[in-house]
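Residues 1 to 233 in full-length UniProt numbering are what the sequence shown lists, from first letter to last. Where a beta carbon is used, it is the ideal one built from N, C-alpha and C, also for glycine. Everything on this sheet refers to the single structure shown next.
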Amino acid sequence: MGVQMIGVVKLGSLCQLHARRLTLALVTLVGWLVFTPGAQASGVWRYEDADGVSHFGNTAPPAVPGLQWLSRGGASRGQQSMSRSEAGPLSKMAGYGRAKPLLEDAAHSHAVDPALVTAVSAAESGFRADAVSPKGAVGLMQLMPATAARYGVVAGSLQEATNLLKDPRLNAQVGTRYLADLIRMFNGDLELALAAYNAGEGAVMKHGRRIPPYPETQQYVVRVLKYYRALTR
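Here you go:
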């Protein structure tokens, strides 16, 4: 079963943390599997309307001017990937070239903007598949073994789980699915979804569905959105 999604994201100012409010309205979401080839059939498209609202989707696109394909399911790898010029300084990070196709495949599978997944991986690990944080987060998207276990990544020991999550393809798929779940949980609010990815959804809920007052989390949200804007501008 594939995933279908149509959404809108309105980009705000990056001057102040709470002045930037990105809203994504998910209209249709059918099925939910870690590997979903149906979601890649049409690719992911984007266009900006007269009100400055960016629309994203992976179903048949509307006939509107200025529509841009972020990826094409039937296109070659080179056509569906972001070019180095589009990636800007992110392309200079070690591991970017190896991680890019895996992150984009995961984004297509779960109907998430590939640029957002790429921005998260850049902020989390700098595209390092073998990265392990002092808190035990692992891989491209810095997954905690306990989080990965929610999605069926189980192991007999912490070391075994860590080794599993160093597989960049697996890490990208599970991390992207978790990010997509957080976007749904917080009704498309990307700032809250990103804050939850960093600090945990419980922390966001505890603080009244607001970005927690943790400097690390607040800086993380700013950094990911900065990368995201650089990739989509």
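>> For residue 235 and A146, I'd like the C-alpha separation in whole angstroms.
In response: The structure shown does not extend to residue 235, since the chain is modelled only from 1 through 233, so no value can be given for it.
>> Given this structure, state the Cα-to-Cα distance separating M205 from P215, to the nearest angstrom.
In response: Taking the sequence shown and counting its residues from 1, one reaches residue 205 at position 205. Taking the sequence shown and counting its residues from 1, one reaches residue 215 at position 215. Cα to Cα, the separation comes out at about 17 Å.
> Can you give the Cα-Cα distance for I211 and Q142, rounded to whole angstroms?
Replying inline: Numbered from its first residue, the sequence shown carries residue 211 at position 211. Numbered from its first residue, the sequence shown carries residue 142 at position 142. Cα-Cα distance, rounded: 20 Å.
>> Using the Cβ count rule (16 or more neighbours within 10 Å means buried), how would you classify residue 235?
In response: No information on residue 235 is available, as it lies outside the stretch 1 to 233 that the chain covers here.
> Whose CA, out of L194, L182, R98 and V132, lies closest to the CA of L165?
Replying inline: One-based indexing of the sequence shown puts residue 165 at position 165. That would be V132, whose Cα lies nearest to the Cα of L165.
> Curious, which full-length alpha helix (DSSP H) runs of at least 4 residues does the UniProt domain "Transglycosylase SLT" (104 to 209) contain?
Replying inline: Within the UniProt domain "Transglycosylase SLT" (104 to 209), the complete alpha helix (DSSP H) runs of at least 4 residues are 114 to 125, 145 to 149, 158 to 165, 168 to 185, 190 to 199 and 201 to 206.
> For Q16, which residues from the same chain have a beta carbon less than 6 Å from its beta carbon, with the 5 sequence-adjacent residues on both sides left out?
Replying inline: Mapped onto the sequence shown, residue 16 falls at position 16. Per-residue confidence for Q16 stands at a pLDDT of 39, beneath the threshold of 50, marking its modelled position as unreliable; the derived number appears in the next sentence. Excluding sequence neighbours, Q16 sits near nothing in its chain.
>> Please tell me whether residue 258 and Y228 are closer than 7 Å, where the distance is taken between their beta carbons.
In response: It is not possible to answer for residue 258, since the shown part of the chain is limited to 1 through 233.
> Distance, Cα to Cα, K92 vs Y178?
Replying inline: Numbered from its first residue, the sequence shown carries residue 92 at position 92. Numbered from its first residue, the sequence shown carries residue 178 at position 178. Between K92 and Y178, the C-alpha separation is close to 27 Å.
> When you compare only the Cα positions, how much space is there between H207 and G200?
Replying inline: As a working note, residue 207 is residue 207 in the sequence shown. As a working note, residue 200 is residue 200 in the sequence shown. Here the C-alpha atom of H207 lies approximately 12 Å from the C-alpha atom of G200.
> Which residues in the same chain as A149 place their Cβ atom closer than 8 Å to its Cβ, once the five residues preceding and following it in sequence are excluded?
Replying inline: What you label residue 149 is simply residue 149 of the sequence shown in a count that begins at 1. A161.
>> Rounding to the nearest angstrom, what Cα-Cα distance links G156 and N163 in this structure?
In response: Indexing the sequence shown from 1 puts residue 156 at position 156. Indexing the sequence shown from 1 puts residue 163 at position 163. Between the alpha carbons of G156 and N163 lies a gap of roughly 11 Å.
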